[in-house]
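The numbering of the sequence shown is my numbering, which starts it at 736 and goes up by one. One structure is given below, encoded as structure tokens.
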Amino acid sequence: MVIHVTHFMVAGHLACGRHGDTLVSTTDVARVKCRNCRGTEAFREARRLERNAVRRAARQAAKAAHAAYHWRAAWLQKLIDMPGLQRLPRGFKGQPYV
């Protein structure tokens with residue numbers, strides 16, 4: 736049974752400094768198994784950048800979801816501001832006339 740250790744590739748070289756054509760390498764930080772590669776500054780920086788990118792994408796998605804519901808509040812305020820006995824859809828608070 737042959738166990739392959741996956742190394743971290745950065746700028747065309749392995750982060751741990753090993754050489755060889757048969758060594759398995761990747762730039763995906765989640766697949767790296769070499770302990771020496773995981774201890775290098777290049778790997779830690781790549782992992783930090785990837786983590787920050789995921790967090791940034793999550794914040795952007797949350798902003799987009801929040802902006803999608805903003806129209807409802809504006810429409811509700813427009814209906815409330817209208818003079819007279821207008822009828823709001825059921826379930827809205829502050830409904831002046833039913």
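Using N, Cα and C, we set each Cβ at its ideal position, and we do this for glycine too.
Residues near residue i by beta carbon distance below 8 Å, same chain, minus five either side
| i | result |
| --- | --- |
| A808 | none |
Backbone secondary structure at residue i - three-state DSSP
| i | result |
| --- | --- |
| H742 | strand |
Where residue i falls, given that 16 or more other Cβ within 10 Å makes a residue buried
| i | result |
| --- | --- |
| A800 | exposed |
| E767 | The amino acid occupying residue 767 in the given sequence is Val; Glu does not appear at that position. The residue is buried, with at least 16 neighbouring Cβ atoms inside 10 Å. |
7 Å Cβ shell around residue i - same chain, five flanking residues per side excluded
| i | result |
| --- | --- |
| C751 | H742, C769, N771, C772 and T775 |
Chain C contact for residue i (CB, 7 Å cutoff)
| i | result |
| --- | --- |
| E785 | Of the chains in the structure shown, none is chain C; there is only one protein chain. |
Within 7 Å, strictly: CB atoms of residue i and residue j
| i | j | result |
| --- | --- | --- |
| V745 | A777 | yes |
| V764 | R782 | yes |
Near the ligand PLP: residue i beta-carbon under 6 Å from a heavy atom
| i | result |
| --- | --- |
| L811 | Absent from the structure shown: the ligand PLP. Ligands present: none. |
In chain order, which alpha helix (DSSP H) runs of at least 4 residues are fully inside the segment 742-827? 770-773, 776-803 and 805-816, all fully within the segment 742-827.
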